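Residue numbers (this note's numbering), protein chains in the order written: chain A, 3 to 498; chain B, 29 to 250.
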């Protein structure tokens, strides 16, 4: 309990420091989760778009290839038309020259058009060969066939037959070109097919993965944000129900961890505060009851003590002895009554008290009056707010108990220190210490471990300390004895 | 010299009887168990000292104090109570009571309180007796706790009184004790108590502690 009382401060402090470092980690987490989902969306949209773009490019290529194919077929056809026009010209002995010219110019136009469209070096070579062959064909017509036909020379038919080889050559070249185009088209088709299936695959993959991804992001957010929030709210409602033992177990190094730590520190502080309140309430109740009883006892005690002291000098020795015993017990009753009234007494006026001076004074007086041989040391210094006589009373009790516990050869150490807004006096003795089971009850009225004594000293001391806004706690010290620590509000001049 | 007359007002017969027993050897003791009887006695005859309880059914000790101060200015009033507290003590002294004590007291302590009160009203030429009704201003420091403050003040006054008595009778203890209404042993005890070397601070705290400090102090002295 005592260790816990000191623990939360440092604990919360450490968390506060780390919370500065991780102040925005939840924000970062939210941003990360949302950007992951967003990136996935963008990727799932852009991949099919890229696919579509590539498909379109392939279509354009295919269209071009079809145009070239058409042109190639037309050229092949035109070359045949030119050759048959040439044949007609030869057979009809010069008629149909115009038809040949038309066919020839069509061949030239088509050759030029096709040549302009191709760009692969091999195909360009083929086109050049075709153009050359076509030019030689025309040359044969103009240089040999046409003059021969004009002169009626029979060699025209021969040349015509010979130039058929050129037509074959052109046909073969165009066929090669067509074959190549066909191959390219089928490659494109395959590409298109691959693209299509890839787009499908990706789309399906995204369709399947996206819900998973979104679910993951939601799960992650709920785990890292909603879950801790729920636990915080659970803790808060536990407190609201009055369960001050509630702890929130979040150890993440983020705001939630820090919040949980603050929350736990708060519940500990609240619990201590409540305990203190309950104790002081209990004490006040005991005080009120005690005062009532004490007052009622004073009249009978007056009668008893009055007669006893009046008849002190009775001649009968035996009777005198008995009366002395009764008187001694009656005086003890009086002390108990006085003690009980002390419990009920309201706090007296406060001023800044030099604890060092007070402790030295009390220690000196006690050593003199008890003629104890214990070694008592006072160290440290601080000033506290309080009533000089009430504080003297507490210190007297604590030091007196310590001297008694330490025994004749023992040591008692009175350590004074101020820290923050409170001053502490720790009275340590080298005695046997206080058993754990006795500690909880030590401050209860009438609880005593001593053979003599009313059991009110510590209860009164505690009541005074509480009335001063302080407290007394007990621990077992390093040397085995008990450490009673009186905690008091520090004098304002010393509080920085 | 006629015997001084003391009136004891107290609602508990046992306490009343004790007071009468303690005081009757030296004083004429009248008793009243309530305020009305007390006031009729005060009106009927001269009384030197009124010893009155504070809390009583009917009339309270404060009312008796007020009435005595009005009707019989040459009477000293000593208040006693089982419910001692600081405000009561302060107001009793401020109103003009001669003394205030908290029960229980030893027989000789009671006798001494009354003896001092008698001296106060009988021999006004000594001390501040010229103005017997003067409000007390030398109040003990009541912040230290009523019992300690009042006991201490009373003990010191008793010691001073007895010292004077001894001087008056030229050191004759028997006559001094007789005059004060206490035994010789009690006289010696009181004189020894609060002797200058008695440990002041320890006495305080020990008493407040509820531990038997008196025994220790008395043991060391006797």
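The beta-carbon is built from N, C-alpha and C at its ideal position, and this holds for glycine as well.
Keep in mind that this is a model prediction, so the values were computed, not measured.
As summarised for the region 333–365 of chain A, the continuous beta strand (DSSP E) elements at least 3 residues long and confined to that stretch are 353–356, given in chain order.
Approximately 6 Å separates the beta-carbon atoms of residue 440/A and residue 451/A; this is inside 8 Å, confirming the contact.
In this structure the region 120–132 of chain A does not lie against the region 103–110 of chain A, because fewer than three pairs of beta carbons, one per stretch, are closer than 8 Å. For residue 128/B, the enclosing beta strand (DSSP E) stretches over residues 127–130. Restricting attention to alpha helix (DSSP H) runs no shorter than 4 residues, the region 128–212 of chain A encloses them at 148–153 and 157–164, ordered along the chain.
Residue state for residue 378/A is assigned as strand, using DSSP reduced to three classes. Excluding its 5 nearest sequence neighbours in each direction, residue 425/A has C-beta neighbours in its own chain below 8 Å: 357, 384, 385, 386, 418, 419, 489, 490, 491, 492, 493 and 496, listed in chain order.
At the C-beta level, residue 362/A and residue 380/A come within 8 Å of one another.
Beta-bridge pairing by DSSP links residue 387/A to 354/A. With a beta-carbon spacing of about 5 Å, residue 345/A and residue 465/A fall inside the 8 Å limit used to define contacts. Here residue 472/A is buried: its Cβ has 16 or more other Cβ atoms, across all protein chains shown, within 10 Å.
Taking 8 Å as the Cβ-Cβ cut-off, the region 49–64 of chain B approaches chain A at 49 and 50, given in chain order. According to the DSSP secondary-structure assignment, residue 421/A is paired through a beta bridge with 424/A. For residue 266/A, the enclosing alpha helix (DSSP H) has its first and last residue at 257–312. At a cut-off of 8 Å between beta carbons, residue 323/A makes no contact with chain B. Three or more Cβ pairs closer than 8 Å define a contact, and the region 89–96 of chain A falls short of that threshold against the region 235–253 of chain A.
According to DSSP, residue 183/B shares a beta bridge with no other residue. Contact with chain B is found for residue 304/A, since one of that chain's Cβ atoms lies less than 8 Å from the residue's Cβ. With fewer than 16 neighbouring CB atoms inside 10 Å of its own CB, residue 177/A falls in the exposed class. The Cβ atoms of residue 140/A and residue 78/A do not sit closer than 8 Å to each other.
Rounded to the nearest angstrom, the gap between the Cα atoms of residue 54/A and residue 160/A is 58 Å. For residue 308/A, the nearest CB of chain B lies under 8 Å from its own CB, placing it at the interface with that chain. Secondary structure note for residue 231/A: its alpha helix (DSSP H) is the uninterrupted segment 229–242. By the C-beta criterion, the region 32–49 of chain B is judged to be in contact with the region 58–65 of chain B, since at least 3 inter-stretch pairs fall below 8 Å. Between residue 210/A and the set 340/A, 43/A and 75/A, the nearest pair of CA atoms involves 43/A. For residue 211/B, the chain A residues whose Cβ falls inside 7 Å of its Cβ are 315, in order along the chain. Apart from sequence neighbours up to five positions away, no residue of its chain approaches residue 244/A with a beta-carbon distance below 8 Å.
In the DSSP assignment, residue 477/A forms a beta bridge with 485/A. Straight across, the Cα-Cα distance linking residue 284/A with residue 378/A is about 34 Å.
Its chain contains 105 as the residues whose beta carbon lies nearer than 6 Å to that of residue 83/A, once the 5 sequence neighbours on both sides are disregarded; these appear in chain order. Looking at the backbone, the Cα of residue 153/A and that of residue 134/A are separated by about 28 Å. Taking 8 Å as the cut-off, the beta carbon of residue 135/B is found no closer than this to the beta carbon of residue 104/B.
Within 7 Å of the CB of residue 136/B, the CB atoms of chain A belong to 311, in sequence order along the chain. For residue 218/B, no chain A residue has a C-beta closer than 9 Å to its own C-beta; the minimum C-beta separation is roughly 12 Å.
Taking every protein chain shown into account, the CB of residue 85/B has fewer than 16 other CB atoms within 10 angstroms, so this residue is exposed. Residues of the region 186–205 of chain B with a Cβ closer than 9 Å to any Cβ of chain A: none.
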